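Peer 1: In our numbering, the protein residues as written are 1 to 137. Built from N, CA and C at the ideal position, the CB exists for glycine as well. As the structure is a prediction and not an experimental result, all values here were calculated from the model. Below is the structure I would like to discuss, written out as structure tokens.
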Amino acid sequence: MKRRSALLLPTLLYGCATDEHLAIAEAEVPRFHEQYNKQQFEQIWFHATTQFQNNHPRENFTALLASANSSLGEHRNSVRSGWQVLYQEGVAQVNLSMRSTFQKGDAMETIGFRVESGHAFLVTYICNSPLLQGHGA
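Below, the structure is given as structure tokens:
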């Protein structure tokens with residue numbers, strides 16, 4: 001029984017951490033979409049990880065979101081269709097797949113956050129919709 005308990009405890013702790021990290025990331029999604037709707041694209045960029053900022057210069061990222069906003073319109077609603085939590089060196093990355101409805105049509109979004117010390121920081125954003133053909137959002 002001791003052996004089984006010793007094996008079960010890390011699994012339970014890991015599961016609790018996953019639930020906590022998932023909840024923190026999910027709580028960030030409405031803020032992301034609120035800033036998107038207000039066209040506060042720079043604020044989204046500033047709240048991203050340094051790695052994201054280095055890979056996506058501010059001017060490029062804000063122009064991309066402005067183009068997506070023009071094509072899709074305001075965000076209306078999102079429903080999570082999938083999720084994944086990865087751990088590397090004690091840091092969680094939570095990837096959320098969202099079925100999203102915008103003013104002008106639907107899209108599939110993948111929004112990834114690095115979760116550290118109770119805070120979520122954007123690390124990935126992918127938006128796929130027929131309305132974005134040629135925009136590369």
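Decide if R114 is buried, meaning its Cβ has at least 16 other Cβ atoms within 10 Å, or exposed.
Peer 2: buried
Peer 1: Does H56 come out as helix, strand or coil in the three-state DSSP assignment?
Peer 2: coil
Peer 1: Going by beta carbon distance, what residues of the same chain come within less than 7 Å of Y125, once the five residues before and after it are set aside?
Peer 2: Taking Y125 as the centre and dropping the five residues before and after it, the same chain places the C-beta of I111 closer than 7 Å to its C-beta, in chain order.
Peer 1: According to the neighbour-count rule (16 or more other Cβ atoms, all chains shown, within 10 Å of its Cβ), is L86 buried or exposed?
Peer 2: L86 should be labelled exposed.
Peer 1: Buried or exposed for S81, please, with buried defined as at least 16 other CB atoms from any protein chain shown within 10 angstroms of its CB.
Peer 2: exposed
Peer 1: List the DSSP bridge partners of H75.
Peer 2: F102
Peer 1: For V123, which residues of its own chain have a beta-carbon under 8 Å away from its beta-carbon, when the five flanking residues on both sides are left out?
Peer 2: A48, T49, Q51, F52, Q93, G112, F113 and R114
Peer 1: Leaving out the 5 sequence neighbours to the left and right, which residues in its chain are closer than 7 Å to F102 when beta-carbon positions are compared?
Peer 2: Around F102, the same chain offers L72, G73, E74, H75 and R76 as residues with beta carbons nearer than 7 Å, after the five sequence neighbours per side are excluded.
Peer 1: Can you tell me whether E109 is buried or exposed, with buried defined as 16 or more other CB within 10 angstroms of its CB?
Peer 2: buried
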